[in-house]
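Residue numbers (the working numbering): 433 to 664.
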């Protein structure tokens, strides 16, 4: 099959997690180097309070969130096994918007907005991971290793969130454990998103939209018409 202007779907689905993780590590490194946070172990959001790291955090997290939202949409269209309900897609998009708010509003500027957005981000993504890996994945084109990774991420992410909720009432006593839960929860979400790169490795953007065959038919018809005109 001839595919015109093909764009690898793998490239698109890994961008969100890659950009987000890179941003977090860069901001963490800068914040530790400048003495803004301790090396062991700050909350991720603590690495986005002071300049210059807070500017990098905003740009990187918002960009990553946009790509994660795009990823949710592409996965929804790439494999119809994931489109039995639009609930997963809507949940993925809401979680991406919440993540962008986490990046834009830091805890010192407005802790209520920042914390609420963070809870929506983690809770929404945990439900999204469980939905896709345990309920939607049965008929999807997913390899055993990829499915196992997704399910591990879903279980570990949900467990870390539950532990976070229970111990967050005593922040002073459990601040390290709370930070560990946040880092684990973040890693599970990003690894879950990255795992789709293996599932869509042979797909292209136009195929996910169902347009490749249409493009090929149009191109074939145009080519045939040109050949006919030349012969005449």
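A virtual CB, placed ideally from N, CA and C, is assigned to each residue, including glycine.
The stretch 493-508 and the stretch 447-461 touch, with three or more beta-carbon pairs separated by less than 8 Å. Between residue 535 and residue 627, the alpha-carbon positions lie close to 23 Å from each other. With a minimum length of 4 residues, the unbroken runs of alpha helix (DSSP H) contained wholly in the stretch 561-599 fall at 576-599.
Residue 480 sits close to residue 538, with the two beta carbons spaced by under 9 Å. In summary, residue 602 is exposed, with fewer than 16 beta-carbon neighbours lying within 10 Å of its beta-carbon over all protein chains present. Distance from the CA of residue 508 to the CA of residue 453, rounded to the nearest whole angstrom, comes to 23 Å.
Taken atom to atom, the span from the alpha-carbon of residue 462 to that of residue 589 is near 27 Å. At the C-beta level, residue 531 and residue 549 come within 9 Å of one another. Taking residue 600 as the centre and dropping the five residues before and after it, the same chain places the C-beta of 610 closer than 7 Å to its C-beta, in chain order. A residue is called buried once 16 or more other Cβ atoms fall within 10 Å of its Cβ, and residue 484, having fewer, is exposed.
Of all alpha-carbon atoms in 460, 467, 470 and 587, the one lying nearest the alpha-carbon of residue 488 is that of 460.
Look at residue 468 here: in three-state DSSP terms it is coil, with no helix or strand label. Across the set 560, 542 and 492, the C-alpha of 560 shows the shortest separation from the C-alpha of residue 525. Restricting attention to 491, 604 and 474, the CA atom closest to the CA of residue 455 is found in 491.
By the CB criterion at 9 Å, residue 563 and residue 519 fall inside the cutoff. Excluding sequence positions up to five before and after residue 608, its CB lies within less than 7 Å of the CB of 473, all in the same chain and listed in chain order. DSSP places residue 482 in the coil class of the three-state scheme, outside both helix and strand.
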